[in-house]
Amino acid sequence: MNSRYVRLGVLWLLLLTVPWWLPLVGGYTQLGTRVLVYALAAMGLNLLLGFTGGLSFGHAAYYGLGAYGVGLTLKYLAPSTPLALVVGTLVGGVAATLLGPTLMRRRGVYFAMITLAFGQLFYFIVVRWNNVTGGEDGLTGFVRQPLHFGHHVLPLHDVAFYYLVLFCFALATAIMGILLRSPLGHTWVAIRENRRRAQFLGIPVERYVWASFAISGFVTALAGGLNAMLNNFTSPLDLYWVLSGDFVIIAVLGGMRSFWGPLVGAIIYLYAQDYLSSLTDNWQSFIGLIFILVVLLFPRGMLGMLRMKARSA
Amino acid sequence: MTIEDNFSKKVSRRTVLKAAATAGALQLVPPFIIKARGETPIKIGMVDPITGTYAALGTSEINGAKLALKQINHKGGILGRPVELVVEDSAANPGLSVQKAHKLIEKDGCSMLMGSVSSGVSLAVSPVAKEKGVVYMDTGGHIDAVTGKDCHWTTFRICTTTWMLAAGNAKTIADKFGKKWYFITPDYAYGHGLQADYAKLLESFGGTVMGNALSPLGTTDFSSYLIKAEQAKPDVLMILTGGNDTVNCLKQAVQFGLQHKMTISGSLQEMENLVALPPAALMGWWVFEWYWDQPGVPHVKQFVHEYRKLDRRKFNYPTARSWFGYAGMHSLAMAANNAKSVDAVKVARALEGMELPPEIALQPKKVFFRAGDHQLMSSEYPGYIPKHPSYPHMYKYVDVIEGDKIALPVSETGCKLDYPA
Amino acid sequence: MELLLYDAFNGLIVGMFYALMALGLSMILTLNSVVNMAHGGFLILGAYLAFTLEPYLGFWGALVAGPVIVMVFGLIVERVLIRPIYKREDPVYSLLLTFGLALIMQDVARTIWGPAGLPFAIPDALNSSLSSSFFFLTGYRAVVVAIAFFAVVGLMLVMRYTRIGIRIRAGIRDLETVSGLGVNIYVLRAVNFGAGCLLAGLAGVLAAGQLGLTPTMGESLIMPSFVAIIVGGVGSFLGSVLGGLLIGVAAGVMTTYYPAASDAVIYGIMALVLIVRPRGLMGQEGMFE
Chain A
506 MNSRYVRLGV
516 LWLLLLTVPW
526 WLPLVGGYTQ
536 LGTRVLVYAL
546 AAMGLNLLLG
556 FTGGLSFGHA
566 AYYGLGAYGV
576 GLTLKYLAPS
586 TPLALVVGTL
596 VGGVAATLLG
606 PTLMRRRGVY
616 FAMITLAFGQ
626 LFYFIVVRWN
636 NVTGGEDGLT
646 GFVRQPLHFG
656 HHVLPLHDVA
666 FYYLVLFCFA
676 LATAIMGILL
686 RSPLGHTWVA
696 IRENRRRAQF
706 LGIPVERYVW
716 ASFAISGFVT
726 ALAGGLNAML
736 NNFTSPLDLY
746 WVLSGDFVII
756 AVLGGMRSFW
766 GPLVGAIIYL
776 YAQDYLSSLT
786 DNWQSFIGLI
796 FILVVLLFPR
806 GMLGMLRMKA
816 RSA
Chain B
6 MTIEDNFSKK
16 VSRRTVLKAA
26 ATAGALQLVP
36 PFIIKARGET
46 PIKIGMVDPI
56 TGTYAALGTS
66 EINGAKLALK
76 QINHKGGILG
86 RPVELVVEDS
96 AANPGLSVQK
106 AHKLIEKDGC
116 SMLMGSVSSG
126 VSLAVSPVAK
136 EKGVVYMDTG
146 GHIDAVTGKD
156 CHWTTFRICT
166 TTWMLAAGNA
176 KTIADKFGKK
186 WYFITPDYAY
196 GHGLQADYAK
206 LLESFGGTVM
216 GNALSPLGTT
226 DFSSYLIKAE
236 QAKPDVLMIL
246 TGGNDTVNCL
256 KQAVQFGLQH
266 KMTISGSLQE
276 MENLVALPPA
286 ALMGWWVFEW
296 YWDQPGVPHV
306 KQFVHEYRKL
316 DRRKFNYPTA
326 RSWFGYAGMH
336 SLAMAANNAK
346 SVDAVKVARA
356 LEGMELPPEI
366 ALQPKKVFFR
376 AGDHQLMSSE
386 YPGYIPKHPS
396 YPHMYKYVDV
406 IEGDKIALPV
416 SETGCKLDYP
426 A
Chain C
51 MELLLYDAFN
61 GLIVGMFYAL
71 MALGLSMILT
81 LNSVVNMAHG
91 GFLILGAYLA
101 FTLEPYLGFW
111 GALVAGPVIV
121 MVFGLIVERV
131 LIRPIYKRED
141 PVYSLLLTFG
151 LALIMQDVAR
161 TIWGPAGLPF
171 AIPDALNSSL
181 SSSFFFLTGY
191 RAVVVAIAFF
201 AVVGLMLVMR
211 YTRIGIRIRA
221 GIRDLETVSG
231 LGVNIYVLRA
241 VNFGAGCLLA
251 GLAGVLAAGQ
261 LGLTPTMGES
271 LIMPSFVAII
281 VGGVGSFLGS
291 VLGGLLIGVA
301 AGVMTTYYPA
311 ASDAVIYGIM
321 ALVLIVRPRG
331 LMGQEGMFE
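Chains as they are written, first to last, in this note's numbering: chain A, 506 to 818; chain B, 6 to 426; chain C, 51 to 339.
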């Protein structure tokens, strides 16, 4: 019990001091912010993937919708960061909620295919509706706005923005943690372990899957919105199925059965991507190789492996 | 079929060329003074597609920049310091390009940026450069807005604007082939802008737009649009798409025999696209922004020779893209040397009005950066693809139109430079 | 009205590609239980191989050789990469594996053959219109439709009347029982995967002649194939074929009125089918539920 709090404490201490130590190890604050964003997106996905057993290969759609929600709000509605975040999160989350019924009865690969195809539906809507979204060129012309606390104005430069993202991350993970520890979370795990048995126990499995899908959509959308503000830019590639695949691999790489797995996965994956793309033209092949190696050799992910080692020790 | 080398494997992705030792050895001074002169290199970051659809174009731009880099360092670099070129792959993805731009400035400490093949990336990177106070030389994104309504004091552009492209061959086509035109336009900002420019010019000659079919980017099957075009019975079919879209459109137009019913023409065309066309589809009237075969223009042969030593691909004659990278890099170096500083404001001021010397301009007409919008006034080469072309003789230009004469006046571009107070 | 007819007919032709892709995907999906995200990769492999072999074997030789080599490659992939994960219950692994493979295949194609489009030459005899009013029906397109048609029919016949075809169909229903009956399911799954890749390779060669040859063409064809399977119904081969044709025609018709929506419309149809008839037009109850 104690060691768990110690580990959590160390984790948060590290996260809080990123702007200081990250540049010392060859990183830069923006990279750290990106890691948090992707970790958040993958953790949202993992509510569905790792804890409920729903394989979504189209989660980038909600991420991207969150991003466009933020961008369009800042561009056309009001120059307010908090409002933009709320709108973005709602847009992505509501989309996920509305789609839930079409796939809550499916499982396995069919579930995955449907999520994949819906992801592409949103992608094409965003790409083709280019009067509003800027199409393939992406959405420009918006900038994250300083935060206003009464009279005090906090401009969101690199470091300050990192802490805003960290704040959102903390909030979201707290909520997710509470949910997973609640009866809702336990039911999800029961469904993952043996869906049929859960049905026999009288649990309305489909509704729980729906809830899981919807909530994960909200979290991932929040991540997408934060990403849009990080770059002051978004584009249809934030909805593309390749990004959905990235989220899944991040969750699996870190360990999809553990809560913090996606964070570990995000650190490893983004660092590898950043490093490889500067090193070689064929970075895409290496990324593909990571996918294959993880599947064949590390299916439980980093944290999963550590857990097994701890258990057998 | 021989396998085409896209990118020499010997050259690493991040190109780092230190010429300090060479420069030092050429000068007869004791070593310790060379160190004192400041060996810290000046880094110029380049964001261009090395992978993805536009990779061939991006690689040409990068190779042009590398040739310029070699020449600059040979002459002592910038302010006596060696110059390094740091290249990042944008994959023509604006989102990724924004990240890479940040990385180049924050992590790699680049004092100037250049690059981009696609308008989308240019539009995305331009505000980042402004935010960070770094000069950005847009080598290949054509959309008017970059030096128009979305211009910034930090952004300069080498390649011509969409208006200049349209004005580059509109009159030539209208005079030669007729004034009833049907357009196939790629359905996004660049395409809309280009078509609007052509329509305006056409109407000013007394011509008519018979129709405008908007094709989504990445369309592979143009049958529907070509059917509509055929039904409209125009004199000229204007294909405004780019890259693979044009390849497919042309292939299909020829398969349907449309070239017998109307003249096939378009706007910007590039050598890299032409080599991807099957022989039957190599035809039409286009406009180039630069061409390697310019008899009578000094320094061009030399440039072609030097370039081909550096670019080791199968099709390695320099293209307009190669020239963009070359002129872009040289412009930055020249301006910094003229300004005796790498401070962005000073460099920007030095670039304004700067005329490119003949060995960099590589064109017969005057080439200079316009102060009001930071747009390079370079020429357009309207022309056609000859019958039975064989590499590298793929194009014949009929005119060299001076950029300054056809570009929109600054007041009409909508550009208001936003220098810091 | 004429335009609509043309576009619909044209859509039918495009739909044949989707049908060919969807069929191969469907076979792998139902028997191997693998969502083959790398199907696009096999497609472009077929196309690029045909391009490389064309100067030596001519168009028709390349048309045969390309898909066969892809099939062999598919057999290797199945043996080395896919077989170890059959026993994994969670489908996430096969998805991630094929996804990673797709990334590698696309990158390798780009490295070997370059990122620019390559000119895939089709025989001159086929390179022109067959009729002046239906001028978009070129000889090549007619051949494409014919080949695709015979491939599909051929496959159906194999499925119906040959021993291995019957075993594959039985395996889709209940692989355990088939194994219990003494059939070597390893061979069965390998053959099935290979056949699916053969179809992908064939689609690739045909597509290269029509759509142009680039490393990214697989990506743009794989998604509509998924939709075709969902619309036509998982578990029904005929459904996949009809699904492909349907969405091809729908996209074609959409180009007449509102081209910008021509990609989105196929996903719209998919959404509609999922709401109104979730198992697909010809799908079987109980698949993946």
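All residues carry an ideal CB built from backbone N, CA and C; glycine is no exception. Remember, predicted model here, so these are calculated numbers, not experimental data.
So residue i contacts chain A; which residues on that side make the cut at Cβ distance below 7 Å?
i                 : result
Ser124 of chain B : Asp642
Val277 of chain C : Ala622
Quick one: Cα of residue i to Cα of residue j, how far?
i                 : j                 : result
His89 of chain C  : Gly301 of chain B : 53 Å
Leu70 of chain C  : Val277 of chain C : 13 Å
Phe803 of chain A : Lys137 of chain C : 15 Å
Ala340 of chain B : Val352 of chain B : 6 Å
Pro221 of chain B : Ile630 of chain A : 12 Å
Ala220 of chain C : Gln260 of chain B : 45 Å
Val91 of chain B  : Thr692 of chain A : 52 Å
Gly211 of chain B : Ala58 of chain C  : 37 Å
Leu422 of chain B : Val523 of chain A : 37 Å
Ile47 of chain B  : Lys181 of chain B : 50 Å
Ser416 of chain B : Cys156 of chain B : 13 Å
Listing by chain order, which chain A residues have their CB less than 9 Å from the CB of residue i?
i                 : result
Ser83 of chain C  : Gly613 and Val614
Ala234 of chain B : By Cβ distance, chain A contributes nothing, its closest Cβ being about 21 Å from Ala234 of chain B, past 9 Å.
Measuring CB to CB, does residue i end up less than 8 Å from residue j?
i                 : j                 : result
Met334 of chain B : Ala73 of chain B  : yes
Met169 of chain B : Ile365 of chain B : no
Gly770 of chain A : Leu758 of chain A : yes
Tyr667 of chain A : Thr557 of chain A : no
Ala726 of chain A : Tyr567 of chain A : yes
Arg326 of chain B : Glu66 of chain B  : yes
Ile269 of chain B : Ile244 of chain B : yes
Leu536 of chain A : Leu775 of chain A : yes
Leu626 of chain A : Ala310 of chain C : no
Ile94 of chain C  : Met267 of chain C : yes
Ile797 of chain A : Leu131 of chain C : yes
With DSSP collapsed to three states, give me the class of residue i.
i                 : result
Gly437 of chain B : Because chain B here runs from 6 to 426, residue 437 of chain B falls outside it and cannot be looked at.
Phe227 of chain B : coil
Pro300 of chain B : coil
Gln260 of chain C : helix
Trp290 of chain B : strand
Ser312 of chain C : coil
Met87 of chain C  : coil
Arg805 of chain A : coil
Thr213 of chain B : strand
Ser740 of chain A : coil
Which residues of chain C have a Cβ atom closer than 9 Å to the Cβ of residue i, listed in chain order?
i                 : result
Thr190 of chain B : Under the 9 Å cutoff, chain C gives no residues; its nearest Cβ is about 11 Å from Thr190 of chain B.
Could you tell me which chain A residues have their CB closer than 8 Å to the CB of residue i, listed as they occur along the chain?
i                 : result
Gly100 of chain B : Gly643, Asn736, Phe738, Thr739, Ser740, Leu742 and Asp743
Cβ closer than 7 Å: which chain B residues qualify as neighbours of residue i?
i                 : result
Ala152 of chain C : None at all; the shortest Cβ gap to chain B is about 15 Å.
Could you please give me the residues that DSSP links to residue i through a beta bridge?
i                 : result
Ile269 of chain B : B:Leu242
Ala218 of chain B : B:Ile189
Ser395 of chain B : B:His398
Tyr141 of chain B : B:Leu118 and B:Thr160
Val92 of chain B  : B:Met51
Thr188 of chain C : C:Ser179
Can you pull the chain B residues whose beta carbon is under 8 Å from the beta carbon of residue i, in chain order?
i                 : result
Ser270 of chain C : Gly223 and Thr225
Who are the neighbours of residue i on chain C, taking C-beta pairs under 8 Å?
i                 : result
Glu277 of chain B : Ala166
Ala61 of chain B  : Gly164, Pro165 and Ala166
Asn78 of chain B  : Neighbours of Asn78 of chain B on chain C: none; closest Cβ ~29 Å, over 8 Å.
Are there any heavy atoms of the ligand HEM lying less than 7 Å away from the beta-carbon of residue i, as far as the coordinates show?
i                 : result
Arg762 of chain A : Of ligands this structure carries none, so the ligand HEM is not represented either.
Can you pull the chain C neighbours of residue i, defined as C-beta to C-beta under 7 Å?
i                 : result
Val252 of chain B : Gly167 and Gly262
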